[in-house]
Amino acid sequence: MAKSPQKKSKPTKKSSGSVKPPSVKQQTSIFKNSPIYDLLHNFEKAPDQWTARYVLVMSAVILRATIGLGGFSGYGDGPMHGDFEAQRHWMELTIHLPLSEWYFFDLTYWGLDYPPLTAYHSYILGKIGSFIDPSWFALNASRGIETNPVKFYMRFTSLASELIFYIPAVLSIANLMGKKFNLSRMDQIIISLIIINQAHLVLIDHGHFQFNSVMLGLFIYSLIELIKKNYMTASIWFVACINFKQMGLYYSTFIFVFILSQLKSIQDLILVGFTVIFTQLIILLPFIRDPNNILQIVQRVFPFHRGIFEDKVGNFWCTTNVIIKYRDIFNPDDLPKLALISTIIAFLPINIILFFKLRNAKHLTPGLIYGFAGNSFAFYLFSFLVHEKSILIPLIPTTLLLLIDPSQIDIIQWINNVGSFSLYPLLKKEDLVLQYAVSNFLINWLIGPKLLLSNHNLFYSLIIKGSYFLMIVYHILDFSLPPPQRFPDLWVILNIAISFGAFSIFFLWLNYKVYKLKVE
Amino acid sequence: MADGVRTQQIADSPYTLLHIWFVTLALKLLLFVGYHSTDFDVHRNWLAITHNLPLSQWYIEDTSQWTLDYPPFFAYFEWFLSQLVPQIVKDDGCLDLVEKGQYGLPTVYFQRLTVIVSEIVLFWSLHWYMQTSKKRDHITFSRSYVVAASLVLSPGLLIIDHIHFQYNGMMYGFLILMINNARLKNYLWCGFWFALLLCFKHIYLYLAPAVFIFLLRSYCLNLKFSKKANIFVNLIRLIRWKNSIKLGLVVLSVFGVAFLPFYNQLPQLLGRLFPFSRGLTHAYWAPNVWAIYSFLDRLLIQVYKNLPLSHYPLQSLFEFNPLLLEDESLISSSTRGLVGDIEFLILPTITPQLTFYLTLFYQVLALLPLFYQPTFRRFLGALTLCGYSSFLFGWHVHEKAILLVIFPITFLVSRDKVLLGPFNLLVGCGYVSLFPLIFTCNEWPVKVIYTILWYIIFYFNFRKVVSIPKVNEGNILDRVINGYILGLIPLVIITTLIDIFENKFEFLKKLEFLKLMLYSIYCGVGIISSFNGFFWYYFIYDSLWID
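Put into structure tokens, the structure is as follows:
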């Protein structure tokens, strides 16, 4: 039984002429002793692995369905309710009104402010729902409807959307990367499971209620095409992604840098550019008859008048706002410019380094994912109009880093935990504390505390353990004491301070990793 | 492979129920906020009764319609739980003796938690079962893991305990303690756990004949006649007196502890435990013989009404009162399956005695081989058949009672492939027949996807660990069985579609009863077939039943 464990922890491609026996690969799985591996070990033999995939998908569905039993944003909180009502309202208005009125209809009550693909998506779901029961989406009459069947239907739509767009995307990128980086089938399945069941996305999409998974799924498809070097297909997916939710723009700088660094000739550039414009045109085609419509869409989708951040976010502006009151110092019109400049400063180093490193084909895939993670973190930390749910955007490429090097699980799961933690004040408002606690416990327990606290580097270990400790202290405080009268927001500020600290450190870590990305 | 290596492998192997417990814990916690049935209020009321009243009043009290009708140990258990109720839950109305419970989330959290905690008995008993299998070879151990995992993950327990609300996990934990003690030949413990179980929930009386015969034959009787002694001495030696007295003392003291404190209220207590005023079938027919019988009656009514030609033969065959058939309200009420005085309009009425004799008949049939061959596997087979016959022929059977069959049979199937057919049919139809119990839409994905997931996992895992069949049966039968089980999918789809479009198309509302009937009939046919298959193997293939 004595197989010498391979000293090489990094599964970089080092294939010499010899053929590797497949059993060696399985020996090196770093998840070997984690609970998740134990649970799935009955499927580790090749003929059973397809069952493991079904287990993965179905358990993901069960998790989401049970999370969905809980509250949603704005439940029983009239007259405006919350995101759930907004999504339902969009289904209602798109099926009853002509296209030209979609972006103009009663803007004070959840006027449509997402790009056209969300509108089309709402239209389809609204049509199906209204076929089952027209009262769910009756124009105006259905406002604020919260009955069990409509709740179930809405939950079902988010579940189905995720099953169509997000989960297959994660599975196929795991498959693709698995081949590239020699991950065993079991590792691919386990990593997909970890990516898919991250608490933050599940809680926001199926607890709070939104359709982020669609946007993220489209982004991952775009990523897959980028890895395969099909830049035109990739840009189609990407345009679809930002046309589903404008937050996808967090990824846009890097996709631009990346494609620019890869193109061999001006011809290619024109082709890609043309694809982008053409796709965008097709998406906007139904609106194009009236230029007013296009203008209105742009104004609705980018509401620069709203403010530099919404609610309480663990980013630079909101956290430092405690000390420096930006709204008093600066003219409101200058704030977007300030945010823009600082975002550019934040993402510039990564992009410059990667622009040169990416020319070396060996670093293509790692560089690609590090680039997306770094850029979207820069946007989250410094850009304008960020809200707490935006953390999902940097976290997805970050979690995909597991496919490059699973041994970074401690840091990656740590930042994912911080991400879920930063959503806690929002979830608490919506009675999702139980769901928050359970889903976080579940994913961390599956990976196992041994792996999560395995970092041997003193510095990282200190930061990871320290911030876990702070988060636990925070939860004890929040659970046992009401905030002091004078500072009703004190606990929330504490939360964002911890989150911001962790996010900034992680952002620096990403920069460091990109810098260290070796050229051989 | 060397022996040392093998034991090392077993020791290091990742087979443990702990991980499963944590994962299912997450699922169960998330189900807190979902649907729960009136059984929740029943148990809440029992908490209130045992907490607020002296022992003598427990079985008399009837403020609420949910009177205490479980045996004393369960009442003690509720009393114990009521001592643990924290103040915040008390303020929520958990312990109020009222007609209808007024409670909020704290009570739900508390009671749901007690179910999860009490279920540890099940995990612990199966963990012990696995530990005692460890001493044998690796394959026995991995079989025991599959058995244990399939039971703790049972969709039946999830649906009944954690959505619907009951404490079956703990009960079946006791049952498994009994079974494993029988396997290890600790007969006294076996008797102790079963007596304890009976004093918790008397539905397990259905399994009592098998336990009784097994203990009698293997512990209390000595059928070896010595030729040297005369017949009189042999007759005295027939009974192992020491063993019998020990076992009798154990069982009697358990029952004594349970029932003696209620000595003065014994008639009321027994009246509560065995109410004979209920109907043959439940509002939703449990998928058994009577479901098919009721269905035939409904069918004949339609034949009678629409085919004048059939009047004479039907009349002469069943000798029913045709005047009753003219009363539309009676027909419609009976087609809704409500429990009434008259359940069958054409077919002969079924009396409680008849169901009792039928059950007894099949149980005795199962017990005879056990008496001649008191092996552990025979014992499991007899337990299974006792469960089957009481489920299929019993009076006022609940669909939940299917677990009485599923639990013992699971310990048998891991051994031989031929039993997989009846087993798959049983668990497929048995678990699906529990779906109508949870009728709320939000829980739909949980119950359906969870059951499918469970079935896929254990369909393959049981196939992997069973030994090569000793008896080579045709593959055709397996295919028919798999086909029938796949037929459950359209069944669920059709009934779900009826549910979904109920508000849109008026006529679907009238099909409400048809929906339940479809479940009962389809699952009923499946379970009866699995009973036939199992019965066949029980009597024909002797080699299956040797330890």
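Going line by line, the protein sequences match chains R and V. The first sequence begins at 128 in the working numbering and counts up by one. The second sequence begins at 194 in the working numbering and counts up by one. Using N, Cα and C, we set each Cβ at its ideal position, and we do this for glycine too.
Item: If you draw a straight line from the alpha carbon of Phe600 (chain V) to that of Ser343 (chain V), how long is it in whole angstroms?; Value: 10 angstroms
Item: Does the beta carbon of Lys498 (chain V) sit closer than 8 angstroms to a beta carbon anywhere in chain R?; Value: no
Item: Three or more C-beta pairs closer than 8 angstroms, one from the region 539-554 of chain R and one from the region 322-332 of chain R: is that the case here?; Value: yes
Item: When the Cα atoms are used, what is the spatial distance from Leu690 (chain V) to Ser517 (chain R)?; Value: 38 angstroms
Item: Using only the alpha-carbon positions, how far apart do Pro609 (chain R) and Val718 (chain V) sit?; Value: 60 angstroms
Item: Under 7 angstroms, CB to CB, which of the residues in the region 547-564 of chain V have a partner in chain B?; Value: No chain B appears in this structure, whose protein chains are R and V.
Item: Whose CA, out of V:Ala484, V:Pro562, V:Lys421 and V:Ser326, lies closest to the CA of Asn373 (chain V)?; Value: V:Ser326
Item: Quick one: measure Cβ to Cβ for Leu440 (chain V) and Tyr412 (chain V), integer angstroms, because I've assumed they're closer than 8 angstroms.; Value: 6 angstroms
Item: Kindly say whether Asp532 (chain R), judged by its beta-carbon, lies nearer than 8 angstroms to any beta-carbon of chain V.; Value: no
Item: I'd like the span of the alpha helix (DSSP H) that includes Gly717 (chain V), first residue to last.; Value: Glu705 to Ile733
Item: Just how far apart, CA to CA, sit Leu579 (chain R) and Ser566 (chain R)?; Value: 16 angstroms
Item: Determine the closest residue to Trp263 (chain R) out of R:Met218, R:Ala296, R:His248 and R:His490, with distance taken between C-alpha atoms.; Value: R:Met218
Item: Please return the same chain residues whose Cβ sits closer than 6 angstroms to the Cβ of Ile650 (chain R), not counting the five positions on each side in sequence.; Value: Residue 650 (chain R) lies beyond the residue range present for chain R, which begins at 128 and ends at 647; the question has no answer from this structure.
Item: So, under 8 angstroms CB-CB, Leu223 (chain V) and Val345 (chain V) are touching, yes? Tell me the CB distance rounded to an integer number of Å.; Value: With 8 angstroms as the limit, Leu223 (chain V) and Val345 (chain V) do not qualify as a contact, their Cβ atoms being about 17 angstroms apart.
Item: Going along the chain, which residues of the region 170-187 of chain R sit with their C-beta nearer than 7 angstroms to a C-beta in chain V?; Value: Asp175, Thr178, Tyr181, Val182, Met185 and Ser186
Item: Please confirm if Ile322 (chain R) has its CB atom under 8 angstroms from at least one CB of chain V.; Value: no
Item: Please state the DSSP three-state secondary structure of Leu608 (chain R).; Value: coil
Item: Note down, one range per segment and in chain order, each alpha helix (DSSP H) of at least 4 residues found wholly within the region 315-397 of chain V.; Value: 331-345, 361-376 and 380-393
Item: Could you check where the alpha helix (DSSP H) with Ile631 (chain V) kicks off and where it finishes?; Value: Neither: Ile631 (chain V) is in no alpha helix (DSSP H) and is coded neither H nor E.
Item: Any beta-carbon of chain R closer than 8 angstroms to the one on Leu222 (chain V)?; Value: yes
Item: Let me see if you follow: with CB-CB separation under 8 angstroms, is Leu196 (chain R) close to chain V or not?; Value: yes
Item: Indicate the three-state DSSP secondary structure (helix, strand or coil) for Val297 (chain R) in the structure shown.; Value: helix
Item: Anything in chain R within Cβ reach of Tyr322 (chain V), meaning under 8 angstroms, just list it in chain order.; Value: Correct list: empty, because the minimum Cβ distance to chain R is about 18 angstroms.
Item: Output needed in chain order: residues of the region 375-388 of chain V with a Cβ under 8 angstroms from some Cβ in chain R.; Value: none
Item: Could you tell me which chain R residues have their CB closer than 8 angstroms to the CB of Ile353 (chain V), listed as they occur along the chain?; Value: Going along chain R, no residue has its Cβ under 8 angstroms from Ile353 (chain V), so there is no contact; the nearest lies around 17 angstroms.
Item: Taking a Cβ distance cut-off of 7 angstroms, strictly less, list which residues of the region 551-568 of chain R are near chain V, in chain order.; Value: Leu561, Gln562, Val565 and Phe568
Item: Quick test of the definition: if touching needs 3 or more C-beta pairs under 8 angstroms, does the region 401-419 of chain R touch the region 239-248 of chain R?; Value: yes
Item: Using Cβ-Cβ distances below 9 angstroms, what residues of the region 266-293 of chain R are close to chain V?; Value: Asn275, Pro276, Lys278, Phe279, Tyr280, Arg282, Phe283 and Leu286
Item: May I ask you to verify whether the region 696-713 of chain V touches the region 537-544 of chain V, counting CB pairs closer than 8 angstroms and requiring at least 3?; Value: no
Item: Got a sec? Which residues, its chain only, sit under 7 angstroms from Thr655 (chain R) by beta carbon, not counting five neighbours each side?; Value: In the structure as shown, chain R begins at 128 and stops at 647. Residue 655 (chain R) is therefore absent and cannot be evaluated.
Item: Of the choices R:Ile591, R:Met598 and R:Phe506, whose alpha-carbon is the least far from that of Ser547 (chain R)?; Value: R:Met598
Item: Can you tell me whether Gln604 (chain R) is buried or exposed? The criterion is at least 16 other CB atoms within 10 Å of its CB, across all chains shown.; Value: For the record, residue 604 (chain R) in the displayed sequence is Leu; it is not Gln. With fewer than 16 Cβ atoms within 10 Å of its Cβ, Leu604 (chain R) is classed as exposed.
Item: I want to see whether chain V comes within less than 8 angstroms of Trp636 (chain R), judged by CB atoms only; does it?; Value: no
Item: Would Ile623 (chain R) and Val440 (chain R) be called neighbours here (beta carbons separated by less than 8 angstroms)?; Value: yes
Item: At the 8 angstroms Cβ level, is Tyr643 (chain V) part of the contact set with chain R, yes or no?; Value: yes
Item: Among V:Gln258, V:Val308 and V:Phe273, which residue has its Cα nearest to the Cα of Val291 (chain V)?; Value: V:Gln258
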